[in-house]
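Asker: In my numbering, the protein residues as written are 497 to 794.
Just so it is clear, CB atoms sit at the ideal spot from N, CA and C, and this is done for glycine as well.
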Amino acid sequence: MFEKGSRMAISLEEVRRRILIGLFSDDELMNVLVLKGGNALAMIYNVGSRASLDMDFSTQAAFSDLDQTRARIFDTLKREFRSIGYVVFDEKFEIRPSRPFRDQPEWWGGYIVEFKLAEVALYEELRHDIDALRRRAEELGPHHRRKYTIEISHHEFCAGKVQREVDNYTIYVYSLEMIAAEKLRAICQQMPEYELRRTTRAPRARDFYDIHQIVSEHGIDLTTEKNRSMLAAIFAAKKVPLNLLGEIHKYREYHRLDWPSVETSIFGAHGTFDSYFDFVVELASNLEALRIEQAPLA
497 MFEKGSRMAI SLEEVRRRIL IGLFSDDELM NVLVLKGGNA LAMIYNVGSR ASLDMDFSTQ
557 AAFSDLDQTR ARIFDTLKRE FRSIGYVVFD EKFEIRPSRP FRDQPEWWGG YIVEFKLAEV
617 ALYEELRHDI DALRRRAEEL GPHHRRKYTI EISHHEFCAG KVQREVDNYT IYVYSLEMIA
677 AEKLRAICQQ MPEYELRRTT RAPRARDFYD IHQIVSEHGI DLTTEKNRSM LAAIFAAKKV
737 PLNLLGEIHK YREYHRLDWP SVETSIFGAH GTFDSYFDFV VELASNLEAL RIEQAPLA
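(1) What does the alpha-carbon distance come out to for the pair E647 and R595?
(2) Which runs of the alpha helix (DSSP H) fall wholly inside the segment 614-662 and span at least 4 residues, in chain order?
(3) State the DSSP-derived secondary structure class of L525, mapped to helix, strand or coil.
(4) Work out the CA separation of A780 and G501 for me, nearest whole Å.
(5) By how many angstroms is the C-alpha of L741 removed from the C-alpha of G534?
(6) The alpha helix (DSSP H) with L730 in it runs from where to where?
(7) Taking the Cβ atom as the reference point for each residue, do T645 and L549 lie within a distance shorter than 8 Å?
(8) By a C-beta neighbour count over all protein chains shown, 10 Å radius and 16 as the cutoff for buried, is A633 buried or exposed?
(9) For R513, collect the residues of the same chain with a Cβ closer than 8 Å to its Cβ; drop the 5 residues on either side in sequence, then sort them by chain order.
(10) Give the C-beta separation of L738 and I788 to the nearest angstrom, bearing in mind that I take them to be a contact with Cβ-Cβ under 8 Å.
(11) Report, in whole angstroms, the separation of the C-beta atoms of R660 and V669, which I expect to be a contact under 8 Å.
(12) Which residue marks the beginning of the alpha helix (DSSP H) containing I710, and which one marks its end?
(13) Have a look at I506 and A701 and give me their C-alpha separation to the nearest angstrom.
(14) Rounded to a whole number of angstroms, what is the C-alpha to C-alpha distance between V616 and A733?
(15) Mind checking which residues open and close the alpha helix (DSSP H) that includes I517?
(16) What is the DSSP secondary structure of G742, reduced to helix, strand or coil?
(17) Is it true that the CB of L508 sits closer than 8 Å to the CB of L519?
(18) Using 10 angstroms around the beta-carbon of E620, count the other beta-carbons present and answer buried if the total reaches 16, otherwise exposed.
(19) What is the C-beta distance between L525 and F577, in whole angstroms, given that I count them as a contact (C-beta under 8 Å)?
(20) Suppose you measure from the CA of E778 to the CA of N527; what does that come to, to the nearest Å?
(21) Quick one: what's G534 bridged to in DSSP?
(22) So the candidates are M687, D563, P756, Q556; which of them puts its Cα closest to the Cα of C654?
(23) Could you tell me whether the Cβ atoms of I744 and V776 are closer together than 8 Å?
(24) Give the single residue among A558, K588, V583, G637 whose Cα lies nearest to the Cα of R566.
(25) Following the continuous alpha helix (DSSP H) through T565, name the residue where it begins and the one where it ends.
(26) Does the Cβ-Cβ distance between R630 and D586 come in under 8 Å?
(27) If you draw a straight line from the C-alpha of I626 to the C-alpha of K574, how long is it?
(28) Would you grab the beta carbon distance between E590 and I608 for me? Rounded to a whole angstrom, and I think it's under 8 Å.
(29) Pick helix, strand or coil for S757, following the three-state DSSP scheme.
Now the structure itself:
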């Protein structure tokens with residue numbers, strides 16, 4: 497009988513790395529997927545530490561053949577994890593939102609990929625008892641979750657992506673400037689003033705911290721002509737008016753609600769929520785004051 501714990505459990509960092517290698521070892525997926533978000537910051541740019549079971553990617557367009565895309569994603573993930581003694585199972589590939597809202601534009605939403613991992617020996621022992629296999633799947637991250645999630649957002653601005661290497665594989669990732677811009681957009685999308693939002697709004701205290709780290713530690717200047725153009729394109733991708741940047745200051749207490757959970761994930765000394773909020777408000781106000789040209793959003 498397989499004894500769980502007979503070998504070192506796979507780490508969350510290793511799972512992330514194997515996902516990147518797997519997805520970007522496929523020529524077709526490599527040409528359309530762009531890594532972004534907190535895991536891009538932690539894995540590629542060494543900004544912060546994001547112990548998340550979710551990886552975020554963008555694509556410029558929606559997938560034309562969902563069955564083929566599903567097969568490609570899981571074929572390459574299964575091959576990559578099998579090479580280190582793990583089996584991918586309980587896999588799901590779904591459109592999000594699963595129930596389109598009324599008059600939902602074609603550019604809204606994306607896809608969610610989910611799977612669990614089990615060591616080969618455990619999988620062979622329990623493959624005919626799926627409930628038992630699920631209960632004994634690998635636990636990942638500080639909250640011991642068993643389900644790994646990949647989120648893919650389509651119809652995004654990807655023209656500014658940059659090339660990096662992970663274990664001799666070429667991957668594409670948002671630039672730091674793009675990550676900061678998308679985080680500003682995400683903050684604006686939580687506002688009631690953003691009328692296209694149809695899903696639940698949520699405070700995003702982590703985005704304020706991340707923007708501060710990106711801009712202050714890496715000398716990023718979002719006010720350059722090139723970055724203003726990029727910012728406008730990222731906001732336009734989801735029809736977010738740039739003038740919402742000037743409204744961020746109104747939502748201090750709303751985003752503060754999320755700060756305690758952020759603090760527990762930050763290693764080492766850090767500032768207060770107000771210091772990060774004020775930093776972003778000043779940055780956003782400066783950008784809004786530049787009256788960046790934005791094409792009609794209709």
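Answerer: Reading it off the structure:
(1) Counting from 1 along the sequence shown, the entry for residue 647 is found at position 151. Counting from 1 along the sequence shown, the entry for residue 595 is found at position 99. The straight-line gap from Cα to Cα measures roughly 17 Å.
(2) 616-622, 626-631
(3) If you number the sequence shown from 1, residue 525 lands on position 29. Residue state, collapsed to three classes: helix.
(4) Taking the first residue of the sequence shown as position 1, residue 501 is located at position 5. Taking the first residue of the sequence shown as position 1, residue 780 is located at position 284. Since pLDDT at G501 reaches only 49, below the 50 mark, its modelled position is unreliable, and the value read off the structure follows with that caveat. If I take the Cα positions, the gap works out to 49 Å.
(5) Position 38 of the sequence shown, counting from 1, holds the residue named residue 534. Position 245 of the sequence shown, counting from 1, holds the residue named residue 741. Cα to Cα, the separation comes out at about 21 Å.
(6) The residue given as residue 730 occupies position 234 in the sequence shown. Per the sequence shown, residue 730 should be read as Ile rather than Leu. In the DSSP assignment, I730 falls within the alpha helix (DSSP H) that extends over 721-733.
(7) Locating residue 645 in the sequence shown gives position 149, counting from the first residue. Locating residue 549 in the sequence shown gives position 53, counting from the first residue. Cβ atoms of T645 and L549: closer than 8 Å.
(8) One-based indexing of the sequence shown puts residue 633 at position 137. When all chains shown are included, A633 counts as buried.
(9) Locating residue 513 in the sequence shown gives position 17, where the first residue counts as 1. Excluding its 5 nearest sequence neighbours in each direction, R513 has C-beta neighbours in its own chain below 8 Å: M539, V662, D663, listed in chain order.
(10) The sequence position of residue 738 within the sequence shown is 242, counting from 1. The sequence position of residue 788 within the sequence shown is 292, counting from 1. That belief holds up - the Cβ atoms of L738 and I788 are roughly 6 Å apart, short of 8 Å.
(11) On the sequence shown, residue 660 is found 164 positions in, with the first residue counted as 1. On the sequence shown, residue 669 is found 173 positions in, with the first residue counted as 1. R660 to V669, Cβ: 6 Å. Contact.
(12) Taking the first residue of the sequence shown as 1, we reach residue 710 at position 214. Segment 701-714, the alpha helix (DSSP H) holding I710.
(13) Here residue 506 corresponds to residue number 10 of the sequence shown, with the count starting at 1. Here residue 701 corresponds to residue number 205 of the sequence shown, with the count starting at 1. Going from the Cα of I506 to the Cα of A701 covers about 30 Å.
(14) Residue mapping note: residue 616 aligns to position 120 of the sequence shown, counting from 1. Residue mapping note: residue 733 aligns to position 237 of the sequence shown, counting from 1. Each residue's Cα considered, the two are about 42 Å apart.
(15) Here residue 517 is taken as the residue at index 21 of the sequence shown, counted from 1. Looking at the DSSP string, the run of the alpha helix (DSSP H) that includes I517 is 508-520.
(16) For this step, residue 742 is matched to residue 246 along the sequence shown. Helix.
(17) As a first step, residue 519 is located in the sequence shown; it is residue number 23 there, counting from the start. As a first step, residue 508 is located in the sequence shown; it is residue number 12 there, counting from the start. No. Outside cutoff.
(18) Within the sequence shown, residue 620 is the residue found at index 124, counting from 1. With fewer than 16 other Cβ atoms within 10 Å, it is exposed.
(19) What you label residue 525 is simply residue 29 of the sequence shown in a count that begins at 1. What you label residue 577 is simply residue 81 of the sequence shown in a count that begins at 1. That belief does not hold up - the Cβ atoms of L525 and F577 are roughly 16 Å apart, past 8 Å.
(20) Counting from one through the sequence shown, the residue named residue 778 turns up at place 282. Counting from one through the sequence shown, the residue named residue 527 turns up at place 31. Distance between the alpha carbons of E778 and N527 is about 37 Å.
(21) Residue numbering aside, residue 534 sits at position 38 when the sequence shown is read from its first letter. Bridge partners of G534: none, in fact.
(22) Taking the first residue of the sequence shown as position 1, residue 654 is located at position 158. Closest by alpha carbon: Q556.
(23) Counting from 1 along the sequence shown, the entry for residue 744 is found at position 248. Counting from 1 along the sequence shown, the entry for residue 776 is found at position 280. Yes; because the gap between Cβ atoms is below 8 Å, this pair is in contact.
(24) Position 70 of the sequence shown holds residue 566. Comparing Cα positions, the closest option is K588.
(25) Position 69 of the sequence shown holds residue 565. From DSSP, the alpha helix (DSSP H) with T565 extends over 562-578.
(26) Along the sequence shown, read from residue 1 onward, the residue named residue 630 stands at position 134. Along the sequence shown, read from residue 1 onward, the residue named residue 586 stands at position 90. In this structure, D586 lies closer than 8 Å to R630 by Cβ.
(27) One-based indexing of the sequence shown puts residue 626 at position 130. One-based indexing of the sequence shown puts residue 574 at position 78. Distance between the alpha carbons of I626 and K574: 18 Å.
(28) Within the sequence shown, residue 590 is the residue found at index 94, counting from 1. Within the sequence shown, residue 608 is the residue found at index 112, counting from 1. About 5 Å; that satisfies the 8 Å criterion.
(29) Translated into the one-based positions of the sequence shown, residue 757 becomes position 261. S757: helix per DSSP, three-state reduction.
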